[in-house]
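Protein chains in written order, with the numbering used here: chain A, 2 to 166; chain B, 2 to 166. Note sheet for the following structure.
There are 2 protein chains.
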Amino acid sequence: MSDDIIRDLGLLCLGTRLKRLGERLQGETLGMIDEADLTIQPNQCPVIVALHRLGPLSIGELVGTLGISQPAVTRTVGLLTEQGLVEIKRSTEDQRRREVHLTAEGDSFARRADTHLWPVIEAAVTELCTDLKGPLLRQLAEIEDRLDALPLRDHLTAKKEAKAR
Amino acid sequence: MSDDIIRDLGLLCLGTRLKRLGERLQGETLGMIDEADLTIQPNQCPVIVALHRLGPLSIGELVGTLGISQPAVTRTVGLLTEQGLVEIKRSTEDQRRREVHLTAEGDSFARRADTHLWPVIEAAVTELCTDLKGPLLRQLAEIEDRLDALPLRDHLTAKKEAKAR
DNA sequence: CTCCATTACATAACATGTTATATAACATGT
DNA sequence: ACATGTTATATAACATGTTATGTAATGGAG
């Protein structure tokens, strides 16, 4: 028995467990975003990436590719609009559709993130998940333990140092 | 390339992915709670279980065992208090501590859930996670696919029917 | 026995998710 | 053309998480 009841409850609390770990990872990611001198929230990243890779998308198309609810997309797009990273144009054929485009600033942001931020995050998470094996709960526990031992942003450096020896 | 960019981005979006799946599972769980004629939110369940298994706990102790922030615990406890499931007593020795106790109604709720709800949820999630193997992302994708094919609450019945053949 | 650091909790401000529902634009059958 | 069903978004109400910070109770140091 650990002192973590969510962990002890196993599959009964899988949803809670996944959510908790996801939020923890996003929180650690936010720190890495700050270090890259970029200003964005973790949840907004997938929207920018989607628009950068797939081109302008309507709200509904974003809902489909992001896998979250339409109101969540509407709000996130609204926030990104306020930040000047995207702009909304009414579709010419169908006046109901709102097409979300990256602005010049948004595109610039996406390019910088593509070269300076995403690779760093992906490498750190990859390192965090190195050699995970076994049942889902086992792997989740291992990730939690590794994060307890070392914050996400330090996993990359840790690996490099280990190799340097 | 699927039409799910979070999935396509792999480890880069692991946090977002875990959170999304966790929320999905909690959402499906909520449906099962309703079916059991119980009224509670998914996130409140671990608090009830913790108090039922470990006895009265302070806010700080709940923070420790639930692994979430103190303000989150404070609010959840406040909501459970409004619902009459728990009550708060000031500790006699240390006037700063607030001890959270299950009320008679809360205890009754915990007992009912212990026999009628938790086993059902755990069995459904266990069935959902049957024979998962491989890397973390592979297992997550498999869970998502299985949920797409069949809502969580139907996984138990599905298993029983499969066995009956 | 005061003064101050620490501890435990509350509160504010914000980030996000969801479901339910309103609204406007399209599409259609008669 | 018109009434009506469908689709695409917007909005409301609510559930939760976080960080930052305020406040009261403890507990030591001088």
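We put the CB at the ideal spot given by N, CA and C, even for glycine.
Mind reading off the beta-carbon distance from residue i to residue j? Whole number of angstroms is fine, and I expect it under 8 Å.
i       : j       : result
L15(B)  : L148(A) : No, L15(B) and L148(A) are not in contact; Cβ-Cβ is about 12 Å, not under 8 Å.
G107(B) : L138(B) : No, G107(B) and L138(B) are not in contact; Cβ-Cβ is about 39 Å, not under 8 Å.
D4(B)   : T66(A)  : 6 Å
V126(B) : L10(A)  : Actually they do not touch by this definition, with Cβ atoms about 11 Å apart.
G23(B)  : G23(A)  : 6 Å
I7(A)   : P47(B)  : 6 Å
I122(B) : T17(B)  : That belief does not hold up - the Cβ atoms of I122(B) and T17(B) are roughly 24 Å apart, past 8 Å.
Does any residue of chain A have a CB that is nearer than 8 Å to the CB of residue i?
i       : result
L19(B)  : yes
T116(B) : no
D4(B)   : yes
T30(B)  : yes
P152(B) : no
A165(B) : With a pLDDT of 48 at A165(B), under the threshold of 50, the modelled position of that residue is not reliable, and no figure is offered here.
L39(B)  : no
G107(B) : no
L80(B)  : no
Would DSSP call residue i helix, strand or coil?
i       : result
S59(B)  : strand
E88(A)  : strand
R113(A) : helix
L103(A) : strand
R166(A) : With a pLDDT of 47 at R166(A), under the threshold of 50, the modelled position of that residue is not reliable, and the figure given next carries that caveat. In the structure shown, R166(A) sits in coil (DSSP, three-state: anything other than H, G, I, E or B).
C130(A) : coil
A73(B)  : helix
P136(B) : coil
P120(A) : helix
Can residue i and residue j be called in contact, C-beta distance under 8 Å?
i       : j       : result
L55(B)  : L118(B) : no
E143(B) : L153(B) : no
V78(B)  : V64(B)  : no
Q42(A)  : I60(A)  : no
R21(B)  : G68(A)  : yes
L103(A) : E128(A) : no
L81(B)  : Q45(B)  : yes
I34(B)  : A111(B) : no
R98(B)  : I89(B)  : no
Would you say residue i reaches chain B, if we count a Cβ-Cβ gap shorter than 8 Å as a contact?
i       : result
Q140(A) : yes
E24(A)  : yes
T158(A) : no
L10(A)  : yes
Q27(A)  : yes
I89(A)  : no
G85(A)  : no
I7(A)   : yes
Residues of the region 51 to 77 of chain B with Cβ closer than 8 Å to any Cβ of chain A, in chain order: A51, R54, L55, G65, T66, L67, G68 and I69
The region 121 to 134 of chain B: which residues have C-beta closer than 7 Å to a C-beta of chain A, in chain order? From the region 121 to 134 of chain B, only I122, E123, V126, T127, C130 and L133 have a Cβ closer than 7 Å to chain A.
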